[in-house]
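Number of protein chains: 2
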Amino acid sequence: MEAKPLRADARRNRDRLIAVAAKAFASSGVDASLEAIAREAGVGSGTLYRHFPTREVLIEAVYRREVEGLVAAAEELARTNEPDEALAEWMQRFVGYMATKRGMRDSLRLLLESNSPLFAQTSGAVPLAFRSLMERATQAGTIRPDANSADVLHALSSIYSASDGPDWQDRSRRLVSLIMDGLRYGASQQSK
Amino acid sequence: MEAKPLRADARRNRDRLIAVAAKAFASSGVDASLEAIAREAGVGSGTLYRHFPTREVLIEAVYRREVEGLVAAAEELARTNEPDEALAEWMQRFVGYMATKRGMRDSLRLLLESNSPLFAQTSGAVPLAFRSLMERATQAGTIRPDANSADVLHALSSIYSASDGPDWQDRSRRLVSLIMDGLRYGASQQSK
DNA sequence: GATCGAAACGGAGAGGCCTCCGTTTAGGTA
DNA sequence: TACCTAAACGGAGGCCTCTCCGTTTCGATC
């Protein structure tokens, strides 16, 4: 139906634009100047518009990429850590990561409400990856078996939503630890 | 809670801006250049922005004014015409009027979906005015008593929606006449 | 009718959006 | 390796948005 491989330079520029845009959207909100993004990525505005005809398309690309990153991190952690440590670490990253994206919150809702095909493909990926992490830990017996992954993810989101004030970084970290300890409590077998 | 009377020049400018904007939105859609509107109204863009801080506010003002005009026309016609003639004339005006506003259709939906207080106040006014016109004609015995005003209004809207093609003006006029004749058919007493 | 403060004006200016098209370059082919 | 063409680039340019602030005008008061 589509997709012919991009020329190397085009692919390079596209990637840089997404990376720069991610930073810009996170820090200045999704109204960040597209011209500034192009400039910082070292390309002309024409190039930006060729790759991303509208702001929405760019936002969507950024979002897709971040979701993929989160999922990949889950797989990576699962491969290289004990199940419960992988879980704990991913939860910390998730909250920290979300907290840097404050600028995108509103538009994500918009994107959700639009008929974008993006969400059909990626919307469930994070919950799924998270559930998988939890299941591994459950099977290893290091967290209690009666916890619902959707609930926990929701709790993590709440922490992120509430993360303001001067020391939200430490507070968030402690709250996530607290949740993790709650999950460990009553497990059949203590890790380590 | 608010509303202190505007200075005479301010009021003048405000009115002109709304009038010019109505024309511009109708002909070029609601994305019409605000700068051009200000220019055509003979004021600086600063003045436009002072009165209407966002495009939405201006659209809303235009819309409110048009609804008021439609309602006022209904009252005026009722005062100066036989009931069934007032009704017929208003229906013609309604369709003709709507047909000139093609550019606003989409944004009106947007406005509807927003939490604008505008619609609490004006949304029902047109149907109400129309029902009142129909009731007078019913009581005068010049239209059949079993017609539902909401149905008829809906029919008028359909005519407007379908109004394209080269001779939509004549066609619309004939269709409205047809509906009016349908209303007259079976009335207890013939007008004139 | 002269005075005066508040209200309103207006347009320059800074910056953004997006398109268009002449120029450059990647990468396949001989 | 030299060539060639489709793909990609980039930035000037036209139009827009919105703010800021020095200037003008209204209309209340005397």
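Sequence lines, in order, name chains G and Z. Residues in the first sequence are numbered from 1 upward in steps of one, following our numbering. Residues in the second sequence are numbered from 1 upward in steps of one, following our numbering. Beta carbons: idealized from backbone N, C-alpha and C, even for Gly. None of the values given here were measured: they were computed from a predicted structure.
**Asked** Where does G/LYS23 fall in DSSP's three states?
**Response** Mapped onto the first sequence, residue 23 of chain G falls at position 23. In this structure, G/LYS23 counts as helix in the three-state DSSP scheme.
**Message:** One question on the structure: do Z/ASN81 and Z/GLU89 come within less than 8 angstroms of each other, judged by their Cβ atoms?
**Reply:** In the second sequence, counting from the first residue as 1, residue 81 of chain Z sits at position 81. In the second sequence, counting from the first residue as 1, residue 89 of chain Z sits at position 89. Yes.
**Item:** CA-to-CA distance, G/SER27 to Z/ASP167, given in whole angstroms
**Value:** Here residue 167 of chain Z is taken as the residue at index 167 of the second sequence, counted from 1. Here residue 27 of chain G is taken as the residue at index 27 of the first sequence, counted from 1. Straight across, the Cα-Cα distance linking Z/ASP167 with G/SER27 is about 54 angstroms.
**Prompt:** Going by other Cβ atoms of all chains shown within 10 Å of its Cβ, with 16 needed for buried, is Z/ASN13 buried or exposed?
**Reply:** The residue given as residue 13 of chain Z occupies position 13 in the second sequence. It counts as buried.
**Message:** For Z/VAL62 and G/MET104, what's the separation of their Cα atoms in angstroms?
**Reply:** To locate residue 62 of chain Z, count along the second sequence from 1; it is residue 62. To locate residue 104 of chain G, count along the first sequence from 1; it is residue 104. Answer to the nearest angstrom: the Cα atoms are 32 angstroms apart.
**Request:** Would you mind listing the alpha helix (DSSP H) stretches within the stretch 25-57 of chain Z that are 4+ residues and don't spill past its ends, in chain order?
**Result:** Those alpha helix (DSSP H) runs which fall completely within the stretch 25-57 of chain Z and span 4+ residues are 34-41 and 45-51.
**Prompt:** Z/LEU183 and Z/ARG144: beta carbons closer than 8 angstroms?
**Reply:** Residue 183 of chain Z sits at position 183 when you count from the first residue of the second sequence. Residue 144 of chain Z sits at position 144 when you count from the first residue of the second sequence. Cβ atoms of Z/LEU183 and Z/ARG144: closer than 8 angstroms.
**Asked** In chain order, what residues of the same chain have a beta carbon less than 7 angstroms from the beta carbon of G/VAL126, not counting five sequence neighbours either side?
**Response** By 1-based counting over the first sequence, the position of residue 126 of chain G is 126. Result list for G/VAL126: VAL67, LEU70 and VAL71, in chain order.
**Message:** For G/ARG93, tell me which candidate among G/ALA19, G/ARG79, G/ALA74 and G/ASP84 has the shortest Cα-Cα distance.
**Reply:** Here residue 93 of chain G refers to the residue found at position 93 when the first sequence is read from its first residue. Checking every option, the nearest Cα to that of G/ARG93 belongs to G/ALA74.
**Asked** Below 8 angstroms between beta carbons: does that hold for Z/SER158 and Z/PHE130?
**Response** The count along the second sequence starts at 1 and reaches residue 158 of chain Z at position 158. The count along the second sequence starts at 1 and reaches residue 130 of chain Z at position 130. No, the Cβ-Cβ distance between Z/SER158 and Z/PHE130 is not below 8 angstroms.
**Item:** Cβ neighbour criterion (16 or more within 10 Å) applied to Z/THR142
**Value:** In the second sequence, residue 142 of chain Z corresponds to position 142, counting from 1. By the 10 Å Cβ count, Z/THR142 comes out buried.
**Request:** Go through the stretch 128-179 of chain Z residue by residue and report every complete run of the beta strand (DSSP E) that reaches 3 residues or more, in order.
**Result:** You should have found no qualifying run.
**Prompt:** Given a threshold of 16 other Cβ atoms within 10 Å of its Cβ, counted over all protein chains shown, does Z/ALA10 qualify as buried or as exposed?
**Reply:** Locating residue 10 of chain Z in the second sequence gives position 10, where the first residue counts as 1. Taking all protein chains in view, the Cβ of Z/ALA10 is surrounded by fewer than 16 other Cβ atoms within 10 Å, so the residue is classified as exposed.
**Request:** Out of Z/LEU128, Z/VAL20 and Z/HIS154, state which residue places its alpha-carbon closest to the alpha-carbon of Z/VAL176.
**Result:** Numbered from its first residue, the second sequence carries residue 176 of chain Z at position 176. For Z/VAL176, the closest C-alpha among the options Z/LEU128, Z/VAL20 and Z/HIS154 is that of Z/HIS154.
**Request:** From the DSSP output, in three-state form, read off G/LEU6 for me.
**Result:** Within the first sequence, residue 6 of chain G is the residue found at index 6, counting from 1. DSSP places G/LEU6 in coil when its eight states are reduced to three.
**Request:** Answer with buried or exposed for Z/SER199, where buried requires no fewer than 16 other C-beta atoms within 10 angstroms of its C-beta.
**Result:** Residue 199 of chain Z cannot be examined here, being either before or after the span of chain Z that is shown, 1 to 192.
**Presumed contact (8 angstroms Cβ cut-off) between G/LEU6 and G/VAL43, rounded CB distance** = Taking the first sequence and counting its residues from 1, the one referred to as residue 6 of chain G is at position 6. Taking the first sequence and counting its residues from 1, the one referred to as residue 43 of chain G is at position 43. Not really, about 14 angstroms apart at Cβ, beyond 8 angstroms.
**Asked** Can you tell me whether G/GLU60 is buried or exposed, with buried defined as 16 or more other CB within 10 angstroms of its CB?
**Response** Residue 60 of chain G sits at position 60 when you count from the first residue of the first sequence. So G/GLU60 ends up on the buried side.
**Prompt:** Nearest to Z/THR54 by alpha carbon, out of Z/SER33, Z/ALA187 and Z/ASP15?
**Reply:** Indexing the second sequence from 1 puts residue 54 of chain Z at position 54. Selected option, being the one with the closest Cα: Z/SER33.
**Item:** Candidates G/SER45, G/ALA38 and G/VAL30, of which the one nearest G/GLU56 by Cα
**Value:** Taking the first sequence and counting its residues from 1, one reaches residue 56 of chain G at position 56. Ranking G/SER45, G/ALA38 and G/VAL30 by Cα distance to G/GLU56 puts G/VAL30 first.
**Asked** Could you give the C-beta distance for Z/ALA160 and Z/MET98, rounded to a whole number, given that I count them as a contact under 8 angstroms?
**Response** Taking the first residue of the second sequence as position 1, residue 160 of chain Z is located at position 160. Taking the first residue of the second sequence as position 1, residue 98 of chain Z is located at position 98. It is Tyr, not Ala, that sits at residue 160 of chain Z in the sequence shown. That pair is a contact at about 4 angstroms.
**Message:** Comparing C-alpha positions only, which one of G/SER188, G/ARG174 and G/TYR185 sits nearest to G/GLY96?
**Reply:** Residue 96 of chain G sits at position 96 when you count from the first residue of the first sequence. Looking at the Cα atoms, G/ARG174 is the closest of the given residues.
**Prompt:** Does DSSP classify G/GLY69 as helix, strand or coil?
**Reply:** Here residue 69 of chain G corresponds to residue number 69 of the first sequence, with the count starting at 1. Look at G/GLY69 here: in three-state DSSP terms it is helix.
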